[in-house]
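Here is the structure we will look at, set down as structure tokens.
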Amino acid sequence: MDSSSLLLALLNDMFFASIPAVGFALVFNVPQKALKYCAIGGALGHGCRFLLMHYGVPIEWATLCAATLVGMIGVHWSHRFLAHPKVFTVAAMIPMVPGVFAFKAMIAIVEINHKGYNPQLLAALMDNGVKAVFIVAALAIGLAMPGLLFYRRRPVV
Numbered sequence: 009m010d011s012s013s014l015l016l017a018l019l020n021d022m023f024f025a026s027i028p029a030v031g032f033a034l035v036f037n038v039p040q041k042a043l044k045y046c047a048i049g050g051a052l053g054h055g056c057r058f059l060l061m062h063y064g065v066p067i068e069w070a071t072l073c074a075a076t077l078v079g080m081i082g083v084h085w086s087h088r089f090l091a092h093p094k095v096f097t098v099a100a101m102i103p104m105v106p107g108v109f110a111f112k113a114m115i116a117i118v119e120i121n122h123k124g125y126n127p128q129l130l131a132a133l134m135d136n137g138v139k140a141v142f143i144v145a146a147l148a149i150g151l152a153m154p155g156l157l158f159y160r161r162r163p164v165v
């Protein structure tokens with residue numbers, strides 16, 4: 009993939025990631041002035057994950073890095089605009105939720121229940137289920153990372 013098609017794919021990914029970020033920000037009653045920052049955060053997080061995965065980083069680690077980036081930017085914006093960091097970060101994390109992996113795991117459970125045990129179905133269940141759990145954990149840890157690093161009463165080391 010040459011650099012111009014990578015840039016176009018990245019911009020496409022970031023644009024379409026900003027839409028659910030704004031949608032969920034509206035559901036969470038985020039103030040209207042903060043909606044553009046939720047869109048930017050969702051786009052930056054998903055774009056970061058897209059680039060890391062393009063260069064060979066597994067989706068779990070790419071999600072952790074992207075969630076940490078969104079968390080750090082959210083803390084910066086919270087200081088700048090005197091709002092809670094969750095105003096900017098929670099909706100920005102939504103585009104990275106592993107819906108496809110969770111869906112495939114649930115479909116495998118239903119098929120095992122309906123058709124009976126099959127090693128391929130069990131492998132699909134385990135692969136997709138574990139991947140979904142690790143991605144959700146990466147989102148949670150990345151969201152908590154600024155608090156763990158900057159707001160501790162005792163030093164980390």
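In the working numbering, the protein residues as written are 9 to 165. Note that CB positions come from ideal geometry on N, CA and C, so glycine has one too. The structure presented is a predicted model; accordingly, all values stated were derived computationally and were not measured.
- Contact between the segment 148 to 156 and the segment 74 to 90 is present, with at least three C-beta pairs closer than 8 Å.
- In this structure, arginine 57 places its C-beta atom within 8 Å of the C-beta atom of alanine 74.
- Around the CB of valine 98, 16 or more other CB atoms lie within 10 Å, so the residue is classed as buried.
- A contact is defined here as three or more CB-CB pairs under 8 Å, and the segment 16 to 26 meets this definition with respect to the segment 44 to 58.
- Taking a cut-off of 8 Å for Cβ pairs, the segment 119 to 129 and the segment 44 to 56 do not touch, as fewer than three such pairs fall below it.
- Leucine 59 carries a helical assignment under DSSP once its states are collapsed to helix, strand and coil.
- For lysine 139, same chain residues with a beta-carbon under 6 Å away, outside a window of 5 residues either side, are Phe109 in chain order.
- In this structure, threonine 71 sits away from isoleucine 27, with a CB-CB distance that is not shorter than 8 Å.
- Per DSSP, reduced to three states, the secondary structure at histidine 87 is helical.
- Distances from the CA of methionine 101 to each of Ile149, Ala116, Leu14 and Gln40 were compared; the closest alpha carbon is that of Ile149.
- Boundaries of the alpha helix (DSSP H) around isoleucine 115: 107 to 123.
- Bounds of the alpha helix (DSSP H) holding glutamine 128 are 127 to 158.
- Burial of valine 30 is indicated by the presence of at least 16 other C-beta atoms within 10 angstroms of its C-beta.
- Excluding sequence positions up to five before and after glycine 137, its CB lies within less than 7 Å of the CB of Ala113, all in the same chain and listed in chain order.
- Non-local beta-carbon contacts of proline 93 in its own chain, meaning distances under 6 Å to residues more than five positions away in sequence, involve Gly82, Val83 and Ser86 in chain order.
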